[in-house]
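Number of protein chains: 2
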Amino acid sequence: MPELRKDPVVGRWVIISTERAKRPKDFVAQTVEESNETACPFCEGQESQTPTEIFALRRHGTAKNTPGWDVRVVPSIAPILKVEGNLDRRGKGMCDMMNGIGAHEIVIETPKHASDYPDLDEEQIAKVIMVSRDRIVDLSRDIRFKYVLFFRNHGLLAGASAIRHSRSQLMALPVNPKRVKEKLIGARKYFEYKERCIFCDIIKQEKEQSVRIADETSDFIAITPFASRFPFELCIYPKEHSPDFTNIKKHQIGDLAKILKRVTTKLKTALNDPPYNLTLHSAPFKRMTRSGYWKTVDDDFHWHIEILPSLTRVAGFEWGTGFYINPTPPEEAAKYLKEIEV
Amino acid sequence: MPELRKDPVVGRWVIISTERAKRPKDFVAQTVEESNETACPFCEGQESQTPTEIFALRRHGTAKNTPGWDVRVVPSIAPILKVEGNLDRRGKGMCDMMNGIGAHEIVIETPKHASDYPDLDEEQIAKVIMVSRDRIVDLSRDIRFKYVLFFRNHGLLAGASAIRHSRSQLMALPVNPKRVKEKLIGARKYFEYKERCIFCDIIKQEKEQSVRIADETSDFIAITPFASRFPFELCIYPKEHSPDFTNIKKHQIGDLAKILKRVTTKLKTALNDPPYNLTLHSAPFKRMTRSGYWKTVDDDFHWHIEILPSLTRVAGFEWGTGFYINPTPPEEAAKYLKEIEV
Numbered sequence: 307m308p309e310l311r312k313d314p315v316v317g318r319w320v321i322i323s324t325e326r327a328k329r330p331k332d333f334v335a336q337t338v339e340e341s342n343e344t345a346c347p348f349c350e351g352q353e354s355q356t357p358t359e360i361f362a363l364r365r366h367g368t369a370k371n372t373p374g375w376d377v378r379v380v381p382s383i384a385p386i387l388k389v390e391g392n393l394d395r396r397g398k399g400m401c402d403m404m405n406g407i408g409a410h411e412i413v414i415e416t417p418k419h420a421s422d423y424p425d426l427d428e429e430q431i432a433k434v435i436m437v438s439r440d441r442i443v444d445l446s447r448d449i450r451f452k453y454v455l456f457f458r459n460h461g462l463l464a465g466a467s468a469i470r471h472s473r474s475q476l477m478a479l480p481v482n483p484k485r486v487k488e489k490l491i492g493a494r495k496y497f498e499y500k501e502r503c504i505f506c507d508i509i510k511q512e513k514e515q516s517v518r519i520a521d522e523t524s525d526f527i528a529i530t531p532f533a534s535r536f537p538f539e540l541c542i543y544p545k546e547h548s549p550d551f552t553n554i555k556k557h558q559i560g561d562l563a564k565i566l567k568r569v570t571t572k573l574k575t576a577l578n579d580p581p582y583n584l585t586l587h588s589a590p591f592k593r594m595t596r597s598g599y600w601k602t603v604d605d606d607f608h609w610h611i612e613i614l615p616s617l618t619r620v621a622g623f624e625w626g627t628g629f630y631i632n633p634t635p636p637e638e639a640a641k642y643l644k645e646i647e648v
Numbered sequence: 307m308p309e310l311r312k313d314p315v316v317g318r319w320v321i322i323s324t325e326r327a328k329r330p331k332d333f334v335a336q337t338v339e340e341s342n343e344t345a346c347p348f349c350e351g352q353e354s355q356t357p358t359e360i361f362a363l364r365r366h367g368t369a370k371n372t373p374g375w376d377v378r379v380v381p382s383i384a385p386i387l388k389v390e391g392n393l394d395r396r397g398k399g400m401c402d403m404m405n406g407i408g409a410h411e412i413v414i415e416t417p418k419h420a421s422d423y424p425d426l427d428e429e430q431i432a433k434v435i436m437v438s439r440d441r442i443v444d445l446s447r448d449i450r451f452k453y454v455l456f457f458r459n460h461g462l463l464a465g466a467s468a469i470r471h472s473r474s475q476l477m478a479l480p481v482n483p484k485r486v487k488e489k490l491i492g493a494r495k496y497f498e499y500k501e502r503c504i505f506c507d508i509i510k511q512e513k514e515q516s517v518r519i520a521d522e523t524s525d526f527i528a529i530t531p532f533a534s535r536f537p538f539e540l541c542i543y544p545k546e547h548s549p550d551f552t553n554i555k556k557h558q559i560g561d562l563a564k565i566l567k568r569v570t571t572k573l574k575t576a577l578n579d580p581p582y583n584l585t586l587h588s589a590p591f592k593r594m595t596r597s598g599y600w601k602t603v604d605d606d607f608h609w610h611i612e613i614l615p616s617l618t619r620v621a622g623f624e625w626g627t628g629f630y631i632n633p634t635p636p637e638e639a640a641k642y643l644k645e646i647e648v
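Chains A and B, in that order, are what the protein sequence lines are. With the working numbering, the residue at position 331 of the first sequence is 637, and numbering never jumps. With the working numbering, the residue at position 102 of the second sequence is 408, and numbering never jumps.
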């Protein structure tokens, strides 16, 4: 059973994945090559190569775990967290821990062997968004979970596996991720002071200043954040205030697919298909109030998508200090991306 | 002038280094090779290849910027922050910023072309510690600075340059690094509740449990932290309580040199000379109290050194979420390291 452990000083949770424990020799001379692409387990027709599907958007009359699907969700073959069991929160002296309970699902984004959003059409990406939303809603019913994270790794350097078949991941967690919590706290403080959503105010200011807009559609805006940590970092916001991604409206789904295809295509063109990580930050579906009750999400958060290209080789200094050094001013990154025709 | 920018939501400061701004093409097909080692600017005799020295531990009678030194400190040839100017804190709407004022110095740790602590003798490492301490004390007199960070990058993947000459870096910052601040806050909360230093309590518990001790000398203990983020992560604590590294005692310097040489040699043996980052976390030399006065460092912090090997290729998921997945339980890492004879 993997274990969740809490740092006694800073309160950060980490997952110690005891079952795939690595010994020193596993790290030595580790090289990963792009695999033989003919043997892709995510392609249509290879359904038997994955664990049993959890859900698939299928053509009428096709059977589970057979061809005939557009988007298919399967459990991870090497799950970071296990779905069976109880959390069993406990302490030993100063050390707090709980069982590594959670869900880890793979959303196979296309039946064809395509590697990323630029290769998919907008309708296909819209289907991915719909299926992911439905899976998040389903996972949110499990009272052990506090957050479901949707993320995508593109390219080996961004942590993707050697199999280049477009997919994203869903991870249901029994704790809120630190970066989400930091944003929630910051946004709440601002809301308490101003009685306005900080993200709505950021969007308003970005539109006024108009120097960090990388792309825009009718419902969404993609900006290079003022205090970007990484070159060509992007943040996609829905223009209309909404704390919770799962409440996305029908017309917004198509428009989100459009801006996702556009900005990933721009990145691919500008930076020669860079590795990147995409993360969806939405309000947790359950939040403990100060009085100890669960309440539904309030007006102080605004869901968004972060895209972090892995362009700078190194990050060790940042790991140790939390101090980021970004060699590309976001205003220049926005200018480059804006000018690329897609 | 580089610019320090504050994220409006989470309050994190980043450095936008406008003067070495990178365009998209700079990131494309970027490869770095180990350089031609015959042309090392850090070797004795090559003093003219570096900026004018700030300080050197020299044999009596040798002139500045000539051979005859044991440890030599020079300004970085590509400083991340600039030493001349005022901070000029300012805001533009929701965006807060200040000038990128600071100091960025290189501590050349040996006149010979050696790459890391395992190649140096303990006396030499002790000299590095003494010189670094003196430079931190000197930089702390500048009222613009709140923190001086001592760190080392070993190996290309950990952000070191292609020149493999053992050196560390000092960066004087006008703000406290986020990770240091998080530790200060956590330690203070614990102190307020328990009236004891959290790090002293951790050391006591680690000695009792005795499963995460990687090495130990008379004055220092090296542990693999309970909630380690990375495989073979190490933390070196002085056993005697002390908030501030610059108050290190004479006999502790030699002993710190000893444990540094021992643990880096163990890592080199176990993991085939892995890239790693080493960071010194000491209490900031000035701290704003709640009543607004500067006060000297209190009893609620305990200086220490973090060593983070860069063994896992990828970190993108962690960047997006703050959630770490560690495939090597720290108890196993400690066991491996403990058993290695040095």
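Using N, Cα and C, we set each Cβ at its ideal position, and we do this for glycine too.
Check                                                                                                                                                                       : Outcome
Could you check if residue 649/B is buried or exposed, using at least 16 other CB atoms within 10 Å of its CB as the buried criterion?                                      : Given that chain B is displayed from residue 307 to residue 648, the structure contains no residue 649/B and the question cannot be resolved.
Under a Cβ-count criterion, where at least 16 other Cβ atoms within 10 Å of its own Cβ denotes burial, should residue 557/A be classed as buried or exposed?                : exposed
If you draw a straight line from the C-alpha of residue 255/A to the C-alpha of residue 632/B, how long is it?                                                              : There is simply no residue 255/A to check, as chain A begins at 307 and stops at 648 in what is shown.
Run through the segment 442-501 of chain B for me and flag every whole alpha helix (DSSP H) of 4 or more residues, listed as ranges in chain order.                         : 484-500
Residue 451/A and residue 426/A - do their beta-carbons sit closer together than 8 angstroms?                                                                               : no
Tell me the DSSP secondary structure of residue 440/A in three-state form.                                                                                                  : helix
State the Cα-Cα distance for the pair residue 505/A and residue 521/B, rounded to the nearest angstrom.                                                                     : 48 angstroms
With respect to the beta strand (DSSP E) encompassing residue 419/A, which residues constitute its N-terminal and C-terminal limits?                                        : Run containing residue 419/A: none; DSSP gives neither H nor E here.
At a CB-CB cut-off below 9 angstroms, which residues of chain B make contact with residue 318/A?                                                                            : 488, 533, 535, 628, 629, 630
Tell me which residues share the same chain as residue 463/A and place their Cβ nearer than 7 angstroms to its Cβ, disregarding the 5 neighbours each side in the sequence. : 581, 616
Please name the residue or residues paired with residue 642/A in a DSSP beta bridge.                                                                                        : The partner list for residue 642/A (beta bridge, DSSP) is empty, contrary to what the question assumes.
Thinking C-beta only, is residue 541/A closer than 8 angstroms to residue 532/B?                                                                                            : no
Looking at chain B, is there any beta carbon in it that lies within less than 8 angstroms of the beta carbon of residue 311/A?                                              : yes
Measure from the C-beta of residue 602/A to each C-beta in chain B and report whether the shortest distance is under 8 angstroms.                                           : Confidence at residue 602/A is low in this model, with a pLDDT of 47, below 50, so the placement of that residue should be treated as unreliable; the coordinate-derived value is given next. No, no contact with chain B.
Check whether the Cβ of residue 588/A lies closer than 8 angstroms to any Cβ atom in chain B.                                                                               : no
Report back the beta-carbon spacing between residue 559/B and residue 584/B to the nearest angstrom; my notes put them in contact at under 8 angstroms.                     : Contact doesn't hold; Cβ gap of about 16 angstroms is too wide.
Is any beta-carbon of chain A found at less than 8 angstroms from that of residue 315/B?                                                                                    : yes
Spatial neighbours of residue 574/A within its chain, please: C-beta separation below 8 angstroms, excluding the five flanking residues on both sides.                      : 422, 424, 580
In whole angstroms, what separates the C-alpha of residue 319/A from that of residue 411/B?                                                                                 : 34 angstroms
Starting from residue 328/B, find everything on chain A with Cβ-Cβ shorter than 7 angstroms and list it in chain order.                                                     : 537, 633, 634
Entirely within the segment 533-590 of chain A and at least 4 residues each: give me those alpha helix (DSSP H) ranges in chain order.                                      : 556-577
So, are the CB atoms of residue 648/A and residue 572/A less than 8 angstroms apart?                                                                                        : yes
One question on the structure: do residue 387/A and residue 438/A come within less than 8 angstroms of each other, judged by their Cβ atoms?                                : no
Please list, in chain order, the chain A residues whose beta carbon lies closer than 7 angstroms to that of residue 476/B.                                                  : Residues of chain A passing the Cβ test: none, with the nearest at roughly 12 angstroms.
At what residues does the alpha helix (DSSP H) containing residue 394/B begin and finish?                                                                                   : First-last for residue 394/B: undefined, no H or E at that position.
Inspect the beta-carbon positions of residue 389/B and residue 489/A and report whether they are closer than 8 angstroms.                                                   : no
Using only the alpha-carbon positions, how far apart do residue 561/A and residue 539/A sit?                                                                                : 21 angstroms
Any heavy atom of the ligand MG closer than 7 angstroms to the beta-carbon of residue 353/B?                                                                                : No copy of the ligand MG occurs in the structure displayed, which carries no ligand at all.
Nearest chain A C-beta to residue 401/B closer than 8 angstroms, yes or no?                                                                                                 : yes
Near residue 646/A, what residues of its chain come up, given a Cβ to Cβ distance below 7 angstroms and the 5 sequence neighbours on each side ignored?                     : 572, 575, 576
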